[in-house]
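For the sequence shown, the numbering used here gives the first residue as 5, with consecutive numbering after it.
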Amino acid sequence: MKHLFFLNKYFVKYKWRVIPGVLFVVISNIFGVVPAQVIGHAFNLITENIAIYRLFNGFDRQAIVYDIFGYSLLFFGALILILYLLRGLFLFFMRQTIILMSRHIEYDMKNEIYAHYQELSLGFYRRNNTGDLMNRATEDVNRVRMYVGPAIMYAINTTVLFCLVIYFMFSVNSTLAIYALLPLPVLVVAIYYVNTIINQKSEKIQAQLSRLSSFVQERFSGIRVMKSYVRETQAQEIFADESNAYKNNSMGLVKVQAFFYPTMLLLVGISTILTIYIGGKQVINGAITPGNIAEFIVYVNQLTFPVTMLGWVTTLIQRAAASQKRINEFLQLQPDIQSGGQEIALDGNITFKNVSFTYADTGIEAIKNVSFEVQKGQFLAIIGKTGSGKSTLANLMMRMYDATSGEILVDGKSIHELDLQKYRSKIGFVPQEVFLFSDTIKNNIAFGLNTVTDGQVEQAAKDAAVYYNIVGFDQQFETMLGERGITLSGGQKQRVSIARALIKEPQMLVFDDCLSAVDTKTEEEILSNLGRLMKGRTSVLIAHRISTIKNADKILVLDEGKIIEEGTHEELLKRGAAYAELYQNQLLEEENS
Ligand SMILES: Nc1ncnc2c1ncn2[C@@H]1O[C@H](COP(=O)(O)OP(=O)(O)OP(=O)(O)O)[C@@H](O)[C@H]1O
């Protein structure tokens, strides 16, 4: 429950909805309870007037008595109607304040969570799966909304109604009140237990449904693999099994519900019978009027719905507390990477001093005591076997992670001192895994800029050597990518992703093995464009092919997280060690192919 205290700040923020909301609940309940008394009076009127009417049997006056009787009844009918209309009006106001407030809180929470997610560093996204992140921002927020809206509304409603009804019942006749209310505690306990069972079953159904949808989603995403390995029949069988489990769980729930509602009605029925039986005795004793019995029956029926709601409200509160706990876990996380305050022009002098880095979640030491320097305007290349730590080095340069030990200097300042957003915005980073949004090619290229001209987009596409591919599509730069659009080839995707970095006219470029799917001729074209565009600015290129990097000012050869060689292409060939061997192997491969 204490997790829900987090929401108190929202109640304070929306106090001018909460206070009138509570007031409307009280007023609507008063208008809900008073008609019971009017019905009681009307009932008494009928019993008394019928006797008077009969007295005038055979007299002309009987018609007048009949008229008065009719008008009085009409008056009571109209009064009840007006009272219920007023109740309806205040119920409308109650929903307009409390439920609307819950929607405002839902909106605020979603924004708060999303903003917080964006502050968290890459490590957080590695540790938590996307489904979990999504669930906390959608499903969990929704459950919390059910607490701040309906749960609170019904809880106040039930309390107010109970107080009013019990007060009126006891003020009429306490013996009858006790008997009429007798079955209610049984009803409350029964509802609580049944609700717990319904809850457990619903959770199971929900979990089964998630399993089913994840299964379907994964199989359809990997439809190519599915079809090429001819696994459709097996998938169908698994789907049928999972669906069957879902169906069985749902049937169980239906059984409980089917048993629950008649039981509830039975208890209400018992309450009504007791009211009539005990009420009848009290009427005979002259303690109450027959109208009071009618009044009590209305009260008993009025209490049924709120009592049923009580179990539901408890469930809502329990669920909301569990969801808020999950939300708080993420909201209380501090980003691993804290931005500094300094803004620099970014000349592009990068220094690594004895840098080591271990991935906290796996304990893999990906970078071991690495030191190197790249100066403004230089072209630095990094090469090495797979898993040697090249991408990790690029990520450290982007400050996606902080080094476990050692120091990284940018233009002579510790990377920790820099304003992170401003620093990153000056770098054109192309990650190894290309990611394109389900949007037009134009918007994908222009992603890093707030305003952009068509000319800029076209130029970036030309620099990334993808322009002629794009203009070959029917919709050209407006071509949609992703699920709703076309699928680009691996090389085309890499080049669109390069264009996205180039359009920023960055102060520094970091390319993480993003030319691997591009043929050597196109690669040369891109490299020559880069030479022109990045003149006087620093470029860092991670590559597997020596052809990509042979013109670099400095080449770092990485192996198992360490720099094993460093120098220019010629220097490294002269050394005749790992780099020279790699070069020979690649030459041989090329000749063979
Ligand atoms: N997010 C991560 N969490 C844990 N360990 C990781 C993570 N990313 C990489 N590693 C590990 O760190 C080591 C270096 O990986 P890295 O991706 O830097 O190598 P790489 O040289 O870029 O490889 P490749 O050429 O195949 O892309 C590997 O052993 C890898 O398993």
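Using N, Cα and C, we set each Cβ at its ideal position, and we do this for glycine too. Fair warning: this is a prediction, and the values are worked out from it, not measured in the lab.
Here Arg107 is exposed: its Cβ has fewer than 16 other Cβ atoms, across all protein chains shown, within 10 Å. Here the segment 149 to 164 makes no contact with the segment 372 to 380; the two share fewer than three CB pairs at distances below 8 Å. Relative to ligand 1, even the nearest heavy atom lies 7 Å or more away from the CB of Ile341. Per DSSP, reduced to three states, the secondary structure at Leu560 is strand.
Here the alpha carbons of Thr455 and Arg504 stand approximately 13 Å from one another. For ligand 1, no non-hydrogen atom lies closer than 7 Å to the CB of Ala521. Beta-bridge partners assigned by DSSP to Ile156: none are found. For Phe28, the enclosing alpha helix (DSSP H) begins and ends at Lys19 to Leu59. For Ala370, the shortest separation between its Cβ and any heavy atom of ligand 1 lies below 7 Å. Scanning Ala326, Pro24, Ala194 and Tyr14 for the CA closest to the CA of Lys6 turns up Ala326. Per the Cβ contact rule, the segment 450 to 470 is in contact with the segment 492 to 509 (3 or more Cβ pairs under 8 Å). In this structure, the beta-carbon distance from Asn48 to Val176 does not fall below 8 Å. Relative to ligand 1, the beta carbon of Tyr587 is positioned no closer than 7 Å to any heavy atom. Sorting Leu384, Asn447 and Glu575 by C-alpha distance to the C-alpha of Val514 places Leu384 at the top. For Gln346, the secondary structure class from DSSP, reduced to helix, strand or coil, is strand. Each residue's CA atom was taken as its position, placing Ala239 and Ile277 some 57 Å apart.
Gly295 carries a helical assignment under DSSP once its states are collapsed to helix, strand and coil. For Asp245, the uninterrupted alpha helix (DSSP H) run begins and ends at Glu236 to Ile288, by DSSP. The segment 391 to 405 makes contact with the segment 558 to 566, as at least three CB pairs between them are under 8 Å.
Under the three-state reduction of DSSP output, Ile368 falls in the coil class, being neither helix nor strand. Around the beta-carbon of Ala159, 16 or more other beta-carbon atoms lie within 10 Å, marking it buried. Leu337 sits in coil when the DSSP states are folded into three classes, being neither helix nor strand. With respect to the 8 Å criterion, Asp340 and Gly127 are classified as neighbours on the basis of their beta carbons. In the DSSP assignment, Phe224 falls within the alpha helix (DSSP H) that extends over Pro187 to Ser225.
The three-state reading of DSSP puts Gly535 in helix, counting H, G and I together.
Taking a cut-off of 8 Å for Cβ pairs, the segment 339 to 357 and the segment 401 to 410 touch, as three or more such pairs fall below it. Separation of the CB atoms of Thr319 and Asn203 is rounded to 5 Å, and the pair is thereby assigned contact status at 8 Å. For the pair of segments examined, the segment 511 to 525 was found to touch the segment 433 to 443: the number of CB pairs separated by less than 8 Å reaches three.
Gly153 counts as buried, since no fewer than 16 other beta carbons sit within 10 angstroms of its beta carbon. Each of Ile354, Asn447, Gly344 and Phe174 was checked against the Cα of Asp423, and the nearest Cα belongs to Gly344.
Counting C-beta atoms within 10 angstroms of its own C-beta, Arg131 has fewer than 16 neighbours from the protein chains shown and is therefore classed as exposed. One thing to note: Tyr183 has its Cβ no nearer than 8 Å to the Cβ of Leu216. Fewer than three beta-carbon pairs drawn from the segment 17 to 31 and the segment 78 to 88 are found closer than 8 Å, and the two stretches are therefore not classed as touching. Within a 10 Å sphere around the beta-carbon of Gln425 sit fewer than 16 other beta-carbons, which makes this residue exposed. Remark: the C-beta of Asp517 is in contact range of ligand 1, defined as less than 7 Å to any heavy atom.
Note that the C-beta distance between Leu180 and Gln41 is not below 8 Å.
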